[in-house]
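**Student:** Below: one structure in structure tokens.
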Amino acid sequence: MFKNSYFILRYFTICIVFGSNTAVSFAQDTAKMDAIYSGVPWFDQNGNIVSAHGANIIKELDTFYLFGESHTDTSNAFAGFNCYSSKDLYNWKFESVALPAQESGKLGPNRVGERVKVMKCPKTGEFIMYMHADSLTYKDQFVGYAVSKEIKGPYVFKGPLLFQGKPIKKWDMGTFQDDDGSGYVLVHGGEIYKLSDDFTSVTEKVNENITSGFESPTLFRKDDIYYFIGSHLTSWEKNDNYYYTSISLKGPWISQGLVAPENTLTWNSQSTFVLPIQGLKETTYMFMGDRWSFPKQASSATYVWQPLSIAGTSVSMPKFQEAWRINTSTGVVTIVENKDIIIKNTNEEIQYLGKWIHTDNGNMLLESKSDDKNASFSIKFKGQQIGLTSFVGPENGYAKVVLTDKKGNTMYTAIIDMYSKSSDLVQVFKSPILKKNNYELIVSVTGERPNWSDKKKANYGSTGNTISLHQITIKK
Ligand code: GAL
């Protein structure tokens with residue numbers, strides 16, 4: 002993260018079709034997800050890509066509300082904070098732009114608004130939204146807040162949250178609500194601030210800086226232990242997130258190591274929140290992370306939500322769960338076994354156009370790849386759901402995916418980011434469950450890649466535009 006730098010796009014992106022309003026031709030009555038799939042685009046009830054990054058979730062009665070950053074594919078300027086709702090945590094209904102970009106002021110044009118978090122104040126019953134507000138060059142940062150009587154907003158932006166009459170001039174922030182209802186604001190480095198009874202100012206700094214860096218501060222409690230997760234400073238690039246534990250918010254905080262296996266870059270994500278899902282049988286703690294994708298944050302940034310394994314002071318995500326279910330009444334997690342039909346990259350049902358390299362080095366290494374701008378592959382299939390598994394790596398770029406019905410009407414479109422600093426074999430697309438019918442999936446090379454640089458011209462992101470296919474999965 003280069004907070005005192007600005008980002009220069011390496012190339013100019015023309016956003017014609019794709020953006021937060023990726024349109025579909027009809028309402029998706031039957032299209033539903035049946036599990037939490039990490040790292041693939043999610044579609045809301047209108048078929049638009051869910052844009053809710055740097056997010057948190059709060060539960061009101063039996064409904065979960067997700068708040069996150071709305072983005073565009075063309076600029077890093079504040080584009081509002083979105084609110085979605087869900088009863089199962091798999092299907093997200095777009096509710097509102099809870100806090101839109103303001104006409105002027107600190108969240109007006111050419112400003113940054115990030116890491117939105119909402120808490121309900123137990124004393125007033127109001128919903129208070131917190132965020133990192135900044136200039137586009139990341140030189141005017143502070144923790145701001147906005148208020149609303151209704152959970153979905155509209156929230157009214159109030160400006161900086163004050164402590165001893167002064168703004169908290171920090172960037173990455175988070176929130177935590179303790180078992181007794183008290184609210185806290187966390188900032189990068191590990192400082193913790195206690196909120197007043199009405200949640201609109203700070204009464205006390207309860208914890209000093211723990212370490213340098215420690216961005217995307219994420220805190221939760223299980224029984225008598227507090228767990229504090231954060232990331233290294235690597236801009237939009239993912240890294241191995243680490244954590245501390247303590248029996249008091251005031252510390253001392255004990256360093257406990259990494260949250261996920263080393264070099265997985267926290268399963269290619271950055272922490273933003275941990276949601277305790279309290280059920281009749283168990284409480285599951287769900288890690289919520291961002292898989293950023295600069296510059297196409299609206300189209301291609303995805304979510305990595307994983308169940309945490311917790312034992313004493315140890316928190317881990319030892320295995321990446323591609324698909325898992327959470328029973329929101331019992332709190333119990335089940336891992337979904339993939340029973341779909343597998344179609345390997347070399348199967349003749351897949352039509353390749355343009356230049357492709359096909360490798361057949363045994364099952365696990367099968368790959369078809371291309372960086373030819375005119376290249377695509379397509380498959381016609383009968384079934385209810387389709388998924389793509391690809392090799393992601395440092396030279397990969399953006400692929401365009403179009404799913405059509407048998408008449409050729411576009412049902413879903415997405416731009417898939419196949420870049421990852423650490424190479425891996427992962428699912429990159431999973432359609433919603435459709436009516437059993439005939440469909441076609443077309444995937445093409447865009448010739449674009451996630452790539453950005455800072456003021457010092459240090460480059461981040463991919464070095465190539467390759468897209469890859471390992472296998473297609475189909476639910477019949
Ligand atoms: C990340 C930070 C994000 C955003 C980004 C900009 O490290 O966690 O919230 O500020 O840097 O580079």
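To convert, count from 1 in the sequence shown and add 1; that's our numbering.
Where a beta carbon is used, it is the ideal one built from N, C-alpha and C, also for glycine.
It should be emphasised that the depicted structure is a prediction, and the values quoted were computed from it without experimental measurement.
(1) Would you give the residue range spanned by the alpha helix (DSSP H) that S300 belongs to?
(2) I believe S330 touches L404 by the beta-carbon criterion, under 8 Å. Please report the beta-carbon distance rounded to the nearest angstrom.
(3) Going by other Cβ atoms of all chains shown within 10 Å of its Cβ, with 16 needed for buried, is K118 buried or exposed?
(4) Report all residues from its chain with a CB closer than 7 Å to the CB of I17; omit the five preceding and five following residues, and keep chain order.
(5) Just to check, is the beta-carbon of S469 closer than 7 Å to a non-hydrogen atom of the ligand GAL?
(6) Opposite Y139 in the DSSP bridges: which residues?
(7) Less than 8 Å between the CB atoms is what I'm expecting for N466 and D361, so what's the real figure, rounded?
(8) Tell whether a beta-carbon distance below 8 Å holds between G190 and S213.
(9) Below 8 Å on the Cβ atoms is my guess for V41 versus V429; work out the distance and round it to an integer in Å.
(10) What would DSSP say about I468, mapped onto helix, strand or coil?
(11) Which partner residues does R112 have in the DSSP bridge list?
(12) Between L108, K153 and V157, which has its C-alpha nearest D141's C-alpha?
(13) State yes or no: is the C-beta of S97 within less than 8 Å of the C-beta of G175?
(14) On the CB-based measure, 16 or more other CB atoms within 10 Å of its CB, does S136 come out buried or exposed?
(15) So does Q322 have its beta carbon nearer than 7 Å to some heavy atom of the ligand GAL?
(16) Short check: CB of Q298 to CB of H54, under 8 Å?
(17) Starting from the Cα of V427, find the closest Cα among A324, F68 and A376 and give me that residue.
(18) Can you tell me whether DSSP reads W237 as helix, strand or coil?
(19) Residues bridged to N57 by DSSP?
(20) Go through the segment 359-397 residue by residue and report every complete run of the beta strand (DSSP E) that reaches 3 residues or more, in order.
(21) Determine whether the beta carbon atoms of G252 and S272 lie at a separation below 8 Å.
(22) Assuming contact is defined by CB atoms lying nearer than 8 Å, are K150 and D199 in contact in what I supplied?
(23) I'd like the list of long-range same chain contacts for S424, defined as Cβ closer than 8 Å, with 5 residues on each side in sequence excluded.
(24) What separation, rounded to the nearest whole angstrom, lies between the Cα atoms of N83 and G106?
(25) Take the Cβ of S432 as the centre, count every other Cβ of all protein chains shown within 10 Å, and call the residue buried at 16 or more, exposed below.
(26) Taking a contact to mean a Cβ-Cβ separation below 8 Å, would you say Y1 touches L162 in this structure?
(27) Please determine, among G388, S71, I336 and G398, the residue with the shortest C-alpha to C-alpha distance to N346.
(28) Quick one: what's got a C-beta closer than 6 Å to I193's C-beta in the same chain, skipping five residues either side?
(29) List the whole-angstrom C-beta distance separating I278 from I327, where the pair is believed to meet the contact cut-off of C-beta under 8 Å.
(30) With DSSP run on the structure shown, which of helix, strand or coil describes G313?
(31) Can you name the start and end residues of the beta strand (DSSP E) that N269 belongs to?
(32) Using DSSP's beta-bridge definition, name the partner residues of T246.
(33) Using the C-alpha atoms, what's the distance from D35 back to Y91?
(34) Nearest to I475 by CA position, among K422, G448 and K340, is which residue?
(35) Can the beta-carbon of V305 be found closer than 8 Å to that of S39?
**Tutor:** Taking the coordinates as given:
(1) Q298 to S301
(2) With 8 Å as the limit, S330 and L404 do not qualify as a contact, their Cβ atoms being about 32 Å apart.
(3) buried
(4) In this prediction, I17 scores a pLDDT of 33, lower than 50, which makes its location untrustworthy; the coordinate-derived value is nonetheless stated afterwards. Result list for I17: empty, nothing under 7 Å.
(5) no
(6) For Y139, which the question treats as bridged, DSSP gives no partner whatsoever.
(7) Actually they do not touch by this definition, with Cβ atoms about 23 Å apart.
(8) yes
(9) 6 Å
(10) strand
(11) S136
(12) L108
(13) no
(14) exposed
(15) no
(16) yes
(17) A324
(18) coil
(19) F68
(20) 368-371, 377-384 and 386-393
(21) no
(22) no
(23) F392, V393, G394 and P395
(24) 19 Å
(25) buried
(26) With the chain covering 2 to 477 only, the question about residue 1 has no answer from this structure.
(27) G388
(28) Y185, L187, V207, N208 and L250
(29) 6 Å
(30) coil
(31) Counting along the chain, N269 falls outside any beta strand (DSSP E), though it belongs to the alpha helix (DSSP H) covering L266 to N269.
(32) Y228 and I255
(33) 6 Å
(34) K340
(35) yes
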